[in-house]
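Once you know that position 89 of the sequence shown is 360 in my numbering, the rest is easy, because the numbers rise by one and skip nothing. Have a look at the structure below before the remarks.
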Amino acid sequence: MTQQHQDERIRIRKAMDRLLAGQPTTSNGSLTVTALAVEADVHRMALMKRHSDLKNEFYERVRNEAQQVPETEKRLRETVAKLRKTIANQKAEIDELRRQVTGLTLASAVLTQQQDPPAVAKSEHSNVLPLRPLEH
272 MTQQHQDERI
282 RIRKAMDRLL
292 AGQPTTSNGS
302 LTVTALAVEA
312 DVHRMALMKR
322 HSDLKNEFYE
332 RVRNEAQQVP
342 ETEKRLRETV
352 AKLRKTIANQ
362 KAEIDELRRQ
372 VTGLTLASAV
382 LTQQQDPPAV
392 AKSEHSNVLP
402 LRPLEH
């Protein structure tokens, strides 16, 4: 581990402590990775990639010490709830469309049946012969 890497980790841990104590110095004080990166003066992607263990530790501490759900988890839960509602609505719509298809198919069959002339009327024409299946 390089000295710069170790310095970043120290700054991140100190920033965690300040944020969880409600004493931010450079960030807006929210309990997010973005605020942690600003507070630690570390690029957000460096925190996400090189120090992902500290990011996870931060979220765990937010849950345990601050008794809060991290913002990203809140947004994910909201998205999941919206998607579940959308799925339920789509299932109901699909069921209704299936009922309509069944009803329309039956109505079409009835109308088709009513439009066909009776078999007796077809046989009145002397020049019409019924087709026979081909024999193999």
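We put the beta carbon where it would ideally sit given N, CA and C, even for glycine.
- For Ser301, the secondary structure class from DSSP, reduced to helix, strand or coil, is coil.
- Judged by their CB atoms, Thr297 and Glu342 are not nearer to each other than the 8 Å cut-off.
- Looking at Glu336, Val351, Gln361, Gln386, the one whose alpha-carbon comes closest to that of Asp288 is Glu336.
- Annotation for Gln275: the continuous alpha helix (DSSP H) segment containing it runs 274-292.
- Contact annotation: the stretch 300-316 touches the stretch 274-291, with at least three C-beta pairs closer than 8 Å.
- For a cut-off of 8 Å, the C-beta gap from Arg321 to His276 is around 7 Å, short enough to register as a contact.
- Contact check for Gly300 and Ala306: beta-carbon distance about 7 Å, within the 8 Å limit, so the pair qualifies.
- Going by C-alpha positions, Glu328 is about 12 Å away from Met319.
- One alpha carbon belongs to Ala317, the other to Ser323, and they sit about 9 Å apart.
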